[in-house]
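Report on the structure given below.
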Amino acid sequence: MSMTSLTNAIPAESEAFAPAAGGDVRDYFALLKPRVMVLVIFTALVGMVVSHGHVSPVIAGISLLMIAVGAGASGCLNMWWDADIDAVMTRTAKRPIPDGRIRPDEALSFGLVLSVGSVLILGLAANWLAAGLLAFTIVFYAVIYSMWLKRATAQNIVIGGAAGALPPVIGQAVISGTVGIESLVLFAIIFIWTPPHFWALALVKAGEYAKAGIPMMPNVAGPASTRRQIVYYTLLLAPLSLAPVALGFGGLVYAVIALLGGLGMLAFSVQVLRNREGEAEKRAAMGMFAFSILYLFLLFAALLAEQGLGLFRPVLA
Amino acid sequence: MLDPKIQVRPLTPEEEARRRKRSVAIALALGAMVLLFFALTIAKLGPQVLSRPL
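Protein chains in written order, with the working numbering: chain R, 7 to 323; chain V, 3 to 56.
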């Protein structure tokens, strides 16, 4: 990370400095990437409800909170490390560190304290398998993805997607003390969903990523290859999303949503493949990006409704 | 430790207000942690932990 590009990193000798002048409480909260935290809580909760076993609601609630805090801590460490590239991209330039509202060393301390604290409390509350998986997720996102893969390879978000896919696995470990096929299938769905989701955005923001020097797929392999790969991954994702039905933990509601959603994803990916220029290209890519979020949300919401609210109706005898 | 060449200035009123808000947030977080550990203890050991003979 290039500290010299940050206005607040090191005070110049000539300028007066106030060591206690930290950021606003909202800035520290923003470091935790709250929208990502909400997604993590949601997917971890689904991992919990599809699991066999029982823990007290207090333990489950505290565990969920710690999974969210751990995810937030890894987001904070990511923002600390990526502050130099965040500063040159319009989408991220207003984040607390590049905007000068929080010093990098404060963000680093904040992220480390929350990382260690969340892992220890999850271990005490639930079990050490869940805590170990949370620790692995934080290290994978903050070190393997942020510090290494993101700036090194066009497969950055493919491999890095594992970090975002792990919360259901941690959720299952909390409830059953083990990792079962249910959460591994959910892991696989999020893992395969990640590349077409991010590459759709990367097609539109290719210039921004190039400016920041990040080797996203459209910048390295070109837009045409990226569009084809979006279709390939979507062809994998659509049948994979039906695996919960085949394994018996996805019911009728889930099956209908997975089938229609999968067809929708395929239709959007074909639109991305066909529209290669101008406003139509941008519209198709952003349509795919937005629909992919809705698609994943509906898949997990269906499982939550079926398992958590008793709406489960088996598809297979 | 700060480089002695760097001049330290007092906080502006706005920075003072931000620091006060941070202090309140830290106090609330510590209070929440106390409650969390209390709830965790009761959930793990059961309510009987409160009625043990001394």
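Every residue, glycine too, gets a C-beta built ideally from N, C-alpha and C.
According to DSSP, what are the bridge partners of residue i?
i                 : result
Phe204 of chain R : In DSSP, Phe204 of chain R forms no bridge with anything.
Phe23 of chain R  : V:Val10
Per DSSP, what kind of secondary structure is residue i in: helix, strand or coil?
i                 : result
Val61 of chain R  : coil
Ile68 of chain R  : helix
Ala93 of chain R  : coil
Gly117 of chain R : helix
Thr13 of chain R  : Model confidence at Thr13 of chain R stands at a pLDDT of 43, short of 50, so the residue's coordinates are unreliable and nothing is read from them.
Glu17 of chain V  : helix
Ser247 of chain R : coil
Gly316 of chain R : coil
Met7 of chain R   : Low confidence applies here, because Met7 of chain R scores a pLDDT of 48, under 50, leaving its location unreliable and the question unanswered by this model.
Ile57 of chain V  : Nothing can be reported for residue 57 of chain V, as the shown portion of chain V is limited to 3 through 56.
Ile103 of chain R : coil
Gly33 of chain V  : helix
Pro110 of chain R : helix
Glu283 of chain R : coil
Ala132 of chain R : coil
Lys23 of chain V  : helix
Arg32 of chain R  : helix
Arg1 of chain V   : Chain V is shown only over 3 to 56; residue 1 of chain V falls outside these bounds and no answer can be derived.
Lys288 of chain R : helix
Gly78 of chain R  : helix
Phe255 of chain R : coil
Val122 of chain R : helix
Val42 of chain R  : helix
Leu322 of chain R : coil
Thr49 of chain R  : helix
Val56 of chain R  : coil
Thr98 of chain R  : coil
Measuring CA to CA, which of the options is closest to residue i?
i                 : options                                   : result
Ile103 of chain R : R:Ala194, R:Arg97, R:Met153 and R:Met85   : R:Met85
Ala132 of chain R : R:Ile198, R:Leu279, R:Glu285 and R:Leu71  : R:Leu71
Val340 of chain R : R:Ile176, R:Thr159, R:Val94 and R:Ala160  : The structure shown has nothing for residue 340 of chain R, since chain R only spans 7 to 323.
Leu253 of chain R : R:Phe35, R:Ser57, R:Thr159 and R:Arg32    : R:Ser57
Thr143 of chain R : R:Tyr301, R:Val122, R:Leu130 and R:Gly183 : R:Val122
Trp134 of chain R : R:Ile73, R:Leu190, R:Gly29 and R:Thr200   : R:Ile73
Leu172 of chain R : R:Gln161, R:Ala194 and R:Leu118           : R:Ala194
Gly314 of chain R : R:Phe35, R:Met43, R:Leu37 and R:Phe48     : R:Phe48
Glu18 of chain V  : R:Phe23, R:Ala22 and R:Ala27              : R:Ala27
Tyr238 of chain R : R:Met54, R:Thr98 and R:Thr200             : R:Thr200
Pro174 of chain R : R:Leu192, R:Lys217 and R:Val164           : R:Leu192
Ala77 of chain R  : R:Leu38, R:Leu272 and R:Val52             : R:Leu38
Ala169 of chain R : R:Ala22, R:Ile187, R:Ile198 and R:Thr159  : R:Ile198
Ala22 of chain R  : V:Arg20, V:Leu13 and V:Val26              : V:Leu13
Leu248 of chain R : R:Leu322, R:Gly183, R:Asp88 and R:Val185  : R:Leu322
Thr240 of chain R : R:Ser115, R:Ile196, R:Val75 and R:Lys217  : R:Ile196
Arg233 of chain R : R:Val262, R:Phe295 and R:Tyr215           : R:Phe295
Ala273 of chain R : R:Ala286, R:Ile165, R:Pro40 and R:Ala290  : R:Ala290
Phe329 of chain R : R:Met222, R:Gly59 and R:Val75             : Shown here, chain R extends from 7 to 323; a query on residue 329 of chain R therefore has no answer.
Met153 of chain R : R:Trp87, R:Gly316 and R:Val276            : R:Trp87
At a threshold of 7 Å, does residue i count as lining the ligand HEM (C-beta to nearest heavy atom)?
i                 : result
Gly219 of chain R : You won't find the ligand HEM in this model; it holds no ligand whatsoever.
Of all Cβ atoms in chain B, is any one closer than 8 Å to the Cβ of residue i?
i                : result
Ala31 of chain V : Note that chain B does not occur in the displayed structure, where the protein chains are R and V.
Q) Quick check: the stretch 61-80 of chain R against the stretch 201-212 of chain R, are there 3 or more CB pairs under 8 Å? A) Remark: fewer than three beta-carbon pairs, one from each stretch, lie closer than 8 Å, so the stretch 61-80 of chain R and the stretch 201-212 of chain R are not flagged as touching.
(Q) Runs of 4 residues minimum, wholly inside the stretch 156-236 of chain R: which ones carry the alpha helix (DSSP H) assignment? (A) Whole alpha helix (DSSP H) segments, 4+ residues: 162-171, 173-182, 187-210, 212-218 and 223-226.
Q: Inspect the CB distances between the stretch 139-153 of chain R and the stretch 74-92 of chain R and report whether three or more fall short of 8 Å.
A: Inter-segment contact for the stretch 139-153 of chain R and the stretch 74-92 of chain R is present: three or more beta-carbon pairs are separated by less than 8 Å.
Q. So does the stretch 227-242 of chain R actually touch the stretch 93-113 of chain R, counting three or more Cβ pairs closer than 8 Å?
A. No, the stretch 227-242 of chain R is not in contact with the stretch 93-113 of chain R.
Q.
Closer than 8 Å is the cut-off here; do at least three beta carbon pairs connect the stretch 267-276 of chain R with the stretch 300-314 of chain R?
A. Touching, yes, given that three or more Cβ pairs across the two stretches are closer than 8 Å.
Q) Counting Cβ pairs closer than 8 Å, one from the stretch 91-102 of chain R and one from the stretch 27-42 of chain R, do we hit at least three? A) Look at the beta carbons and you see the stretch 91-102 of chain R touching the stretch 27-42 of chain R: at least three pairs across the two are nearer than 8 Å.
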